[in-house]
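According to this note's numbering, the sequence shown is numbered sequentially starting from 1. Backbone N, C-alpha and C define an ideal beta-carbon position, used for all residues, glycine too. Predicted model, so just to flag it, every value in this text is computed and none were measured. What follows is a short report on a single structure.
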Amino acid sequence: MSALTLQFTQAGLDALMTATQRGFKGKISHMAFGDSDYTPDKTQTALKGEKERVAIADTDYSDGEGCSLKIAGKFDAPIEYAICEIGVFIESPNYSGEGEPELILLGVYSKPNTTLGYRTPDVKVLQWLTLSLAQLPSESVEVKVGVDNLNLIVDRELADMTLVQLNTMQRQIEQELRLVALEQA
């Protein structure tokens, strides 16, 4: 994706500016995948072929300058499609009927005739994106990490592997203790 740049949307920039004028930071909270390839437009308000939307799972302000931001989303739904567009969403100050903040499309990655990846039901995708914040007002955004952030995720596979390793270590210690007892006898 190095050749792609994030196309900011007018609706996303307007929401960001509104938050900034009220003394708040815009909260980047979700990422989405879609299966339509095209040239993104600043008038967009949605992905053209959205398939999955997830809360941001992790973030990293790694450059120390504040001009770029890394975000990650964990996509694990049991569906299959070609990933041709990626959207980044910001929370609106308005709330839906369920009490959740409305999400506004902040920006889109896509390119005509370009597949960015492929989703299969058996593969979980951890997608990292680096967003350039140079075009945005200083200190105007923050990331809202979802409940399943990567610092807390313990998938079943990892938990099973940890249990196997602990059992192996216990057997090795018991064997060492028996060996020591035999040597002393």
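| query | result |
| --- | --- |
| Classify Met-1 as helix, strand or coil using the three-state DSSP reduction. | Residue confidence for Met-1 is low, a pLDDT of 44 falling below 50, so the modelled location carries little weight and cannot support an answer. |
| Can the beta-carbon of Thr-59 be found closer than 9 Å to that of Val-123? | no |
| Taking Thr-45 as the reference, which of Ile-104, Asn-167, Leu-166 and Gln-21 has the closest Cα? | Ile-104 |
| Name the residue from Cys-67, Gln-175, Lys-70 and Gly-117 whose alpha carbon lies nearest to the alpha carbon of Cys-84. | Gly-117 |
| Can you give me the start and stop residues for the beta strand (DSSP E) that Thr-9 sits inside? | Taken as a continuous stretch (DSSP letters only), Thr-9 belongs to no beta strand (DSSP E), as it is neither H nor E. |
| So does the stretch 70-77 actually touch the stretch 49-59, counting three or more Cβ pairs closer than 8 Å? | yes |
| Among the candidates Lys-48, Ser-68 and Gln-172, whose CA atom is the shortest distance from the CA of Ser-140? | Ser-68 |
| Considering only the beta carbon of each residue, do Val-88 and Met-31 sit closer than 9 Å? | yes |
| Can the beta-carbon of Leu-131 be found closer than 9 Å to that of Leu-16? | no |
| Between which two residues does the beta strand (DSSP E) containing Thr-115 stretch? | Careful: Thr-115 lies outside any beta strand (DSSP E) and carries neither H nor E. |
| Short of 7 Å in beta carbon distance, which residues of its chain neighbour Ala-134, apart from the five on each side in sequence? Order them along the chain. | Cys-67 |
| Report the rounded CA-to-CA distance for Pro-112 versus Tyr-38, giving the unit in angstroms. | 4 Å |
| Using alpha carbons as the reference points, say which of Ala-82, Pro-40 and Ser-29 lies closest to Pro-93. | Ser-29 |
| I'd like the ranges of any alpha helix (DSSP H) spanning at least 4 consecutive residues and lying wholly in the stretch 68-137. | none |
| Can you tell me whether Arg-22 is helix, strand or coil according to DSSP? | coil |
| Within 10 Å of its beta-carbon, does Leu-166 have 16 or more other beta-carbons around it, so buried, or fewer, so exposed? | exposed |
| State buried or exposed for Phe-24, treating a residue as buried only when at least 16 other CB atoms are found within 10 Å of its CB. | exposed |
| Classify Thr-59 as helix, strand or coil using the three-state DSSP reduction. | strand |
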